[in-house]
Every structure is written in structure tokens, then in C-alpha cells.
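S.K.:
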Amino acid sequence: MLVLFELFVLFIVSLAANTLSSLAGGGAGLLQLPLLLFLGQPFAIALATHKAASVFLGVGASIKHFGGGKINLPLVLTLMLAGIPGVILGANIILAVPELWATAALGILTLALGIYSMVKPSLGQHHNPVSFTLRHTLIGSTVLFTIAVLNGSLTSGTGLFVTMWLIYWWRLDYQHAIAHTMVMVGLLWNGTGAVTLGLQGEINWLWLMPLIAASFLGGWLGAHLAPKAGNKRIKRLFELVTIATGASLLWRVFG
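This note's numbering puts the first residue of the sequence shown at -8, with every later residue one more than the last.
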């Protein structure tokens, strides 16, 4: 009975986390990973299980976003080529990274994302994508590669960085930026990280089943609700999730 209760709690919390993540452009790990740790999973197993489940967040969101015409294929290719090598690198160096310092830095940067968005009222409200020049693409790809290394080695918030970078550098609005984040970070980046971590360690297959169901449903539900929410509400939700994620990461270090 205890195992069934734990699986039920996993499903409910993961569904809420992934729906919010699909709407805000990241942050599912804010609730999902700490819950796995709280329920007694070792860090390596919890991280690999969380990454594997997050792939289905991307699957659920992708089904909806591809049908909605929000996906720019050249940008998807850029995210793929810049991101996947970074994820592999990050997943392979995670054990060599001082976790407390890296987590603290990520927490501070994530808080800064939320504050930056708050003081820029027009940010991400209009969709005016820039042209793909060589210089612009190379700079953008370099930053994406750096974020992808963090995605492979750390646990929470990197999707939020991708969302903000797509808004700032490629001039997407929140809805289009989040669509690309969910497809690429949720599906391909997390899939690469899950395979890399799974080969290094172990996945809890029993707990993965409710997490997959909740991630898929949450991804689809968030993508379904996004057009109704609009850019202004999504911006506010993005700010809420980034500030909560940043505070949670700093609490993990200093609390």
C-alpha cells in the first residue's frame, strides 16, 4: 500500500510540475527531482529517472506545438546541433563539478532571469524573429551550448534559460520561445541526458512509469493551455517559476 501511495503522489506532483513547466518554459525539476530525493532515491538514480521522465514532457508538448505551427525548423536545427554535444559533455562531467557552488550560481542566475523579465514589461510580447546571419547564429549557438552543458550536469531551471535566450537573442515571443524549448530541451536535450546518465548509472523503472504518464499529460496540457493564457500571463508565470526555482536552488545550498 505504501508503494502505491508513493506512486500516486509522484503522479500528482509530477503532473502539476510538468503542466507548469510546459506553460512557463521550464522548471519541472523544481518539484519533481526534490520529491524523488525526499522519497529516498539516491541522487544519481533520482537525476537519471527525472531526466528520462522529462523526455515525455517534450513528447506531449511537441505533439501539440508541431500541430500549432509555432516551430521554426532552422532554429530547431540550431538548438539540436548546439545543444546535444553540450548535454553529453555536461552529463559526463557532473561528478567533477562542485555541486554546491554550481547550484548556488545557477540559483542566482535563475533569480536574475525572473527579475530581468519583471523590469522589462514588453519583453517577449511580440514575435519578431531575426534573420539567420552567420555571426548571429554562431553567437547564439555558443550560448546555447553553454546552457546545454548546464542541462546535462545540473537539475533545474536550464529550460528557463533557453526560453529567455530565444526571446532575447532571436526575438521570439513567449509562446513561440516556449514551444521551441519544450520540443528541443524537453525532447532531445533531456533524451540525450537520460541516455548518457542511464548508461552511467541506474534508472528506477517502477517509479518511472507514473512519471512518464504525468510528464506526457502535463506537457500536452500546458501546450494546450498556452494560447488561451496569452503572452502576458505566460510572462508572469515565467517570472513566478524562475524566482521560485532560483530561491529553491539557493535554499538547497544555504538552507
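Cβ atoms here follow ideal geometry from the backbone N, Cα and C, with glycine treated the same way. Note that the structure is predicted; figures quoted are calculated from it, not measured.
DSSP state of I19, grouped into three classes?
M.R.: Residue numbering aside, residue 19 sits at position 28 when the sequence shown is read from its first letter. The residue you asked about is not Ile; residue 19 is Ala in the sequence shown. Looking at A19 - three-state DSSP - the assignment turns out to be coil, as it is neither helix nor strand.
S.K.: Using three-state DSSP, classify N9 as helix, strand or coil.
M.R.: In the sequence shown, the residue the question calls residue 9 occupies position 18. Helix at N9.
S.K.: Taking 8 Å as the threshold (C-beta atoms), are V153 and V172 in contact?
M.R.: Position 181 of the sequence shown, counting from 1, holds the residue named residue 172. Position 162 of the sequence shown, counting from 1, holds the residue named residue 153. According to the sequence displayed, residue 172 carries Thr and not Val. Contact flag set, yes.
S.K.: Since I believe G17 is in contact with T69 (beta carbons under 8 Å), could you give me their beta-carbon distance rounded to a whole number of angstroms?
M.R.: For the purposes of this step, residue 69 is taken as the residue at position 78 of the sequence shown. For the purposes of this step, residue 17 is taken as the residue at position 26 of the sequence shown. With a Cβ gap of about 18 Å, T69 and G17 do not count as contacting.
S.K.: Rounded C-beta distance between A37 and A214? I'm assuming under 8 Å.
M.R.: Here residue 37 corresponds to residue number 46 of the sequence shown, with the count starting at 1. Here residue 214 corresponds to residue number 223 of the sequence shown, with the count starting at 1. Going by Cβ atoms, the distance from A37 to A214 rounds to 26 Å, so no, they are not a contact pair.
S.K.: Please report the straight-line C-alpha distance between G60 and L66, rounded to a whole angstrom.
M.R.: The count along the sequence shown starts at 1 and reaches residue 60 at position 69. The count along the sequence shown starts at 1 and reaches residue 66 at position 75. Cα to Cα, the separation comes out at about 14 Å.
S.K.: One question on the structure: do G237 and L6 come within less than 8 Å of each other, judged by their Cβ atoms?
M.R.: Position 246 of the sequence shown holds residue 237. Position 15 of the sequence shown holds residue 6. No, Cβ-Cβ distance for G237 and L6 is not below 8 Å.
S.K.: Pick from P201, G177, V232, W211: whose alpha carbon is nearest that of F(-4)?
M.R.: Counted from its first residue, the sequence shown places residue -4 at position 5. Out of P201, G177, V232, W211, P201 has the C-alpha closest to the C-alpha of F(-4).
S.K.: Following the continuous alpha helix (DSSP H) through I75, name the residue where it begins and the one where it ends.
M.R.: In the sequence shown, counting from the first residue as 1, residue 75 sits at position 84. 64 to 84 is the span of the alpha helix (DSSP H), which, as asked, contains I75.
S.K.: For the alpha helix (DSSP H) holding T172, just list the boundary residues, first then last.
M.R.: Position 181 of the sequence shown, counted from the first residue, corresponds to residue 172. Note, T172: alpha helix (DSSP H), 165 to 172.
S.K.: Would you call the region 214 to 228 in contact with the region 18 to 35, where contact means no fewer than 3 C-beta pairs closer than 8 Å?
M.R.: Cβ pair count under 8 Å is below three, so no.
S.K.: Starting from the C-beta of E193, find all residues in its chain whose C-beta is less than 6 Å away, skip the five residues before and the five after it, and write them out in chain order.
M.R.: On the sequence shown, position 202 is the one that residue 193 refers to. Once the five neighbours on either side are set aside, the close Cβ partners of E193 are I36.
S.K.: Just verifying my parser: in three-state terms, what is the DSSP assignment at S113?
M.R.: Here residue 113 corresponds to residue number 122 of the sequence shown, with the count starting at 1. S113 falls in the coil class under three-state DSSP.
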